[in-house]
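Notes to accompany the following structure.
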Amino acid sequence: MSTTARRYTITGKVQGVGFRPFVYRLAHRCKLKGWVRNCTGQVEIHAEGTGDQLERFSEALVNDAPMIAEPSICACSTTRPERFEQFSILPSEQSGTPRIHIPADFFTCKDCEAELRDPGERRYQYPFINCTQCGPRYTIIEQLPYDRPYTSMAEFPLCDECRKEYEDPFDRRFHAQPLACPVCGPKLRFISSDTSFDDTDQALNACIK
4 MSTTARRYTI TGKVQGVGFR PFVYRLAHRC KLKGWVRNCT GQVEIHAEGT
54 GDQLERFSEA LVNDAPMIAE PSICACSTTR PERFEQFSIL PSEQSGTPRI
104 HIPADFFTCK DCEAELRDPG ERRYQYPFIN CTQCGPRYTI IEQLPYDRPY
154 TSMAEFPLCD ECRKEYEDPF DRRFHAQPLA CPVCGPKLRF ISSDTSFDDT
204 DQALNACIK
């Protein structure tokens, strides 16, 4: 079967919502080769495969997008196949005129809420828990494209466990820019008029009392 290539430009709410990881997983599901990258507020995709594979991919780009994403295909054109060996996420492209779509902050999703309440999870009661479907965006971003080095989280290097999640394309925290845990992320400190707590559990118990 002959290989066809298409170039997509996606606009709308596609920054900070797990859209590139979604595109990566979708491309693998459709058995496509190529790449996806951020580009000054929008997302660009180069996909190669058969006509049927690309049709399924095009339809799912919008219909199966993450719940908090609002993508719109503003351009799609046929281009020359470059015979890539795999599909990958490329570094963000910063040239060109910015199409500014600042990602909003999102309330804690059900998956993170379940972790937060589970004593067996390493983020048990961690106040800054998040993933690609929830957590801070607008309040930490310093410039586009929305990548960790351009957020206030750049000051918090990932620990080994968080790094594994961040780099695993099939983890829900893949490229979650606010990613953090009690080991490597921000910490909560409760201060009252007569005492202070460095331990989250102590602070929460004090608030309850």
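Count along the sequence shown starting at 1, add 3, and that's the number in the numbering used here. Built from N, CA and C at the ideal position, the CB exists for glycine as well.
In three-state DSSP terms, what is residue i?
i	result
C162	coil
K190	coil
C210	With a pLDDT of only 48 at C210, under 50, the local geometry of the prediction cannot be trusted, and the value read off the model is given with reservation. DSSP places C210 in helix when its eight states are reduced to three.
C234	Since the first residue of the chain shown is 4 and the last is 212, residue 234 is not available in this structure.
Using only alpha-carbon positions, find the residue among the options that is nearest to residue i.
i	options	result
L191	S61, Q18, P130, R59	P130
E168	C77, Q128, P24, I76	P24
C112	R175, L161, F87, T43	R175
S75	T82, M156, P84, V17	V17
A78	K36, Y11, A117	Y11
R151	E58, G188, G123	G188
P181	E118, F109, M156, T7	M156
A30	G52, Y127, G19	G52
L64	T81, T82, V39	V39
What are the residues that DSSP puts in a beta bridge with residue i?
i	result
Y11	I48, C79
I144	T154
F109	G138
At the level of alpha carbons, what is the spacing between residue i and residue j?
i	j	result
G44	F177	19 Å
E47	A179	19 Å
Q146	P106	11 Å
P185	C33	37 Å
M66	F22	Strictly speaking, residue 66 in this sequence is Asn, with Met absent from that position. Cα-Cα distance, rounded: 13 Å.
I132	T6	43 Å
C42	L93	10 Å
S195	G15	44 Å
Problem set entry | Whole alpha helix (DSSP H) elements within the region 23-98, 4-residue minimum | 54-66
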